[in-house]
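What follows is a set of notes on a single structure, which appears directly below.
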Amino acid sequence: MFRFLSLNLDLERRIKMKVTKIIFLLVSFFALTRVYNSEICAQDYSIYSGEWTAVVDTTSASNPGDIGRNILKVILEVSPDGYVSGYYLPPTPCGSSISGFFSGNVVTTTGNNDYWHRTSDGKVVESCCTGTINITLTFLSSNYASGTFQAYSCLTTEPDGYRAGTITLWRCCDSANAEWHEIEFPNVHWWEPPRVLNIIEADSGERIELRWSDWGTRGYYRLDYYSPWGKIGRIGQCHFIHGCNIGKFFAPDNNQNGKPDCFLLIVWDSWDYGDDDDKDGYLDRYRHVYDVCRDKYSRSHFKYEYACGPPVSSYPNFCKSFCGDPPALSPNPVYWQIVDPALGPESEALFDELLLELEKFDPTEIVMGRCLVHHLCDMDLDGDCDLMDYHIVENAIGMCLNEDSYNLLADIDGDGCVTESDLKLLFPTIPGDLDGDGDIDRNDLNILLTYRNQPASECPECDIDGDGIITVLDARKLVLLCTRPRCATE
Numbered sequence: 034m035f036r037f038l039s040l041n042l043d044l045e046r047r048i049k050m051k052v053t054k055i056i057f058l059l060v061s062f063f064a065l066t067r068v069y070n071s072e073i074c075a076q077d078y079s080i081y082s083g084e085w086t087a088v089v090d091t092t093s094a095s096n097p098g099d100i101g102r103n104i105l106k107v108i109l110e111v112s113p114d115g116y117v118s119g120y121y122l123p124p125t126p127c128g129s130s131i132s133g134f135f136s137g138n139v140v141t142t143t144g145n146n147d148y149w150h151r152t153s154d155g156k157v158v159e160s161c162c163t164g165t166i167n168i169t170l171t172f173l174s175s176n177y178a179s180g181t182f183q184a185y186s187c188l189t190t191e192p193d194g195y196r197a198g199t200i201t202l203w204r205c206c207d208s209a210n211a212e213w214h215e216i217e218f219p220n221v222h223w224w225e226p227p228r229v230l231n232i233i234e235a236d237s238g239e240r241i242e243l244r245w246s247d248w249g250t251r252g253y254y255r256l257d258y259y260s261p262w263g264k265i266g267r268i269g270q271c272h273f274i275h276g277c278n279i280g281k282f283f284a285p286d287n288n289q290n291g292k293p294d295c296f297l298l299i300v301w302d303s304w305d306y307g308d309d310d311d312k313d314g315y316l317d318r319y320r321h322v323y324d325v326c327r328d329k330y331s332r333s334h335f336k337y338e339y340a341c342g343p344p345v346s347s348y349p350n351f352c353k354s355f356c357g358d359p360p361a362l363s364p365n366p367v368y369w370q371i372v373d374p375a376l377g378p379e380s381e382a383l384f385d386e387l388l389l390e391l392e393k394f395d396p397t398e399i400v401m402g403r404c405l406v407h408h409l410c411d412m413d414l415d416g417d418c419d420l421m422d423y424h425i426v427e428n429a430i431g432m433c434l435n436e437d438s439y440n441l442l443a444d445i446d447g448d449g450c451v452t453e454s455d456l457k458l459l460f461p462t463i464p465g466d467l468d469g470d471g472d473i474d475r476n477d478l479n480i481l482l483t484y485r486n487q488p489a490s491e492c493p494e495c496d497i498d499g500d501g502i503i504t505v506l507d508a509r510k511l512v513l514l515c516t517r518p519r520c521a522t523e
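In this note's numbering, the protein residues as written are 34 to 523.
If you want it as structure tokens, here you go:
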């Protein structure tokens with residue numbers, strides 16, 4: 034599935050990017066179009082609550098136009114006597130129920146269920162209909178099951194049609210105490226050998242690996258995800274010979290053993306800090322997002338006006354702008370595009386296509402590194418995450434891809450709509466609310482002052498201005514954020 038939209042400022046730039054846009058338009062034209070609107074997105078099918086999630090791959094259907102890949106939200110309970118009951122939600126207003134007896138490791142369910150009907154031409158019929166589904170599941174662990182399904186009637190455009198395929202179920206951990214963590218890795222030059230730079234393992238059996246890989250005589254960063262049942266996917270990659278990157282994952286550590294319980298969201302951001310600007314005069318940026326619970330991958334491409342350069346920085350001060358952050362003149366991109374292929378052959382083809390760009394350059398020029406300062410919640414690209422950024426995301430809630438006020442940066446999970454989940458992911462707490470009670474007052478100020486003149490690592494939330502040190506300047510900024518006059522507590 035490809036989603037497409039571009040923004041441009043003036044006629045001259047439209048002419049410069051004419052060929053590129055034609056290619057993008059052709060891709061968009063021949064791809065299926067997903068239907069988004071605020072009413073659907075406002076329902077916010079959050080999956081980060083320990084529920085079961087299902088990925089359905091259709092292998093056969095009576096109507097080829099109805100073949101597709103769906104993500105379902107699944108709630109399952111297994112009683113002490115082995116009875117499985119629950120329901121699953123397609124990403125629509127219609128709920129569906131399943132139930133069956135858990136015999137050994139297998140459960141077979143049969144029932145009449147409601148669906149939202151999609152016709153062969155991709156249009157959605159805004160009403161529920163009734164069909165029959167048979168599901169056979171094998172529970173391989175307490176958090177993982179797989180099996181087959183057959184669905185009849187309203188899942189297809191023909192009265193007697195059917196869909197059949199495989200279904201995979203797994204249960205994500207709860208995100209109540211999840212936090213963002215940065216993936217550490219060194220700067221790397223072209224001549225260094227391929228190797229694993231960092232491995233992060235979760236209690237769930239998942240892991241992510243950051244590698245310095247090779248493409249012929251050219252090296253590049255790549256970020257891979259491994260599931261406990263063998264699924265492997267490339268979810269991040271550096272796109273530029275002088276690329277500056279950042280990798281982050283959102284995960285809880287409720288048992289406090291120093292390992293994530295599971296991975297909920299993985300993000301890879303890649304900026305072009307050199308002069309590899311596609312000769313169009315813009316600063317390029319790619320953001321990759323993998324929503325692990327929904328098994329959903331998306332890649333966004335942005336183009337900005339340069340604040341300085343190109344190049345933005347050069348060795349040995351690589352990945353640090355010589356004119357000061359941010360490297361972009363404005364937080365509003367002059368152009369953006371998003372694609373969301375299924376993780377697997379579709380996404381791998383896109384990654385390999387980007388690698389072909391490396392062949393245009395002398396391999397001895399390649400140096401890639403990690404961004405020194407970058408925050409996913411920095412909506413206005415001023416170097417920090419403050420109440421202004423919070424309000425930008427808050428005001429974008431309910432907006433979807435095909436609407437003018439949609440904010441792609443605020444849509445951190447890349448599902449095509451900005452929801453309350455995006456706000457919670459980007460801002461687990463309100464900036465300045467250091468005690469987490471939902472407001473900003475004198476109690477928060479007192480907490481900040483206890484860390485005065487200490488490095489931001491001692492209290493990252495206290496570093497309001499993002500300069501790495503907690504000072505009286507942070508206290509002054511926090512006072513301006515207070516939700517009551519004179520920072521009163523009541």
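Note that beta-carbon positions come from the ideal geometry of N, C-alpha and C, so glycine has one too.
query: Chain-order list of residues whose beta-carbon lies under 7 Å from that of Arg292 (same chain, five-residue window excluded); result: The amino acid at residue 292 is misidentified as Arg; the sequence shows Lys. Cβ within range, chain order: Glu234, Ala235, Asp236, Asp286.
query: Alpha carbon of Ser260 to alpha carbon of Arg240, nearest angstrom; result: 7 Å
query: Nearest candidate by alpha-carbon position, reference Ile299, set Gly307, Pro493, Ile279; result: Ile279
query: For Asp308, three-class secondary structure by DSSP; result: coil
query: The beta strand (DSSP E) enclosing Ala382, as first and last residue numbers; result: Counting along the chain, Ala382 falls outside any beta strand (DSSP E), though it belongs to the alpha helix (DSSP H) covering 378-388.
query: Terminal residues of the beta strand (DSSP E) in which His334 lies; result: 329-337
query: Beta-carbon proximity of Tyr323 to Ile268, cut-off 8 Å; result: yes
query: Separation of Pro378 from Ala489, as counted between CA atoms; result: 42 Å
query: Whether Glu338 touches Leu376 by CB criterion (8 Å); result: no
query: Residues that DSSP places opposite Ile299 in a beta bridge; result: Phe282, Tyr323
query: Simplified DSSP state of Ala521, which is helix, strand or coil; result: coil
query: Beta-carbon separation (whole angstroms), Lys329 vs Asp373, contact threshold 8 Å; result: 7 Å
query: Coarse secondary structure for Ser490, derived from DSSP in three states; result: helix
query: Residue nearest to Leu256 in terms of C-alpha spacing, selected from Asp247, Pro364, Glu242; result: Glu242
query: Expected contact under 8 Å - CB spacing of Ala521 and Asp474 to nearest Å; result: 6 Å
query: Candidates His407, Asn476, Trp248, Cys352, of which the one nearest Arg320 by Cα; result: His407
query: C-beta atoms of Pro359 and Leu441 nearer than 8 Å; result: no
query: Cβ shell of Pro364 (< 6 Å), same chain only, five flanking positions each side left out; result: Asp413, Leu414
query: Cβ-based burial, Ser438 [other Cβ within 10 Å; buried from 16]; result: exposed
query: Residue from Ile232, Trp245, Gly263, Leu389 with nearest C-alpha to Trp203; result: Gly263
query: Contact set for Ile425: own chain, Cβ-Cβ below 6 Å, skip 5 residues either direction; result: Met412
query: Inter-residue Cα distance where the pair is Met432 and Ile371; result: 16 Å
query: 6 Å CB neighbourhood of Phe282 in its chain, flanking five on each side removed; result: His214, Phe296, Ile299
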